[in-house]
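Report on the structure given below.
Structural data, given as structure tokens:
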């Protein structure tokens, strides 16, 4: 549990370094995740990122202005968010390179602050 708590402290520090405050709704969302019975680590990661994608796209329209052809983007999340997701998920995760291409939108810490998070 100490690894998870430390990850949240590092997450908060990354925002403070940029003069921002980590969104409480995002932190609550991440803190509530736990592994379901029989769920593989990569499946849990997929579930977390799918939820984040929906909040960023449907709830907050993050990156919609950058998508000129009405395509839905592939989000690349900040390393600080990736690190906390890895700390939340028990077990070994597969590594994947960041996607590239015209429909990739890199989420910033400011984007996370601006998003509309559940309460």
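In my numbering, the protein residues as written are 656 to 774.
Ideal Cβ placement from N, Cα and C applies to all residues, glycine included.
Straight-line gap, residue i to residue j (C-alpha atoms, nearest Å)
| i | j | result |
| --- | --- | --- |
| residue 665 | residue 729 | 25 Å |
| residue 657 | residue 774 | 25 Å |
| residue 684 | residue 716 | 19 Å |
| residue 699 | residue 750 | 14 Å |
| residue 745 | residue 725 | 37 Å |
Coarse secondary structure for residue i, derived from DSSP in three states
| i | result |
| --- | --- |
| residue 761 | strand |
| residue 730 | strand |
| residue 713 | helix |
| residue 688 | coil |
Expected contact under 8 Å - CB spacing of residue i and residue j to nearest Å
| i | j | result |
| --- | --- | --- |
| residue 732 | residue 762 | 5 Å |
| residue 682 | residue 663 | 7 Å |
| residue 718 | residue 760 | 4 Å |
CB contact check: residue i to chain C, cutoff 8 Å
| i | result |
| --- | --- |
| residue 695 | Among the protein chains of the structure shown there is no chain C, as only one such chain exists. |
Other residues of its chain near residue i: CB distance less than 8 Å, five sequence neighbours each side excluded
| i | result |
| --- | --- |
| residue 678 | 767, 768, 770, 772 |
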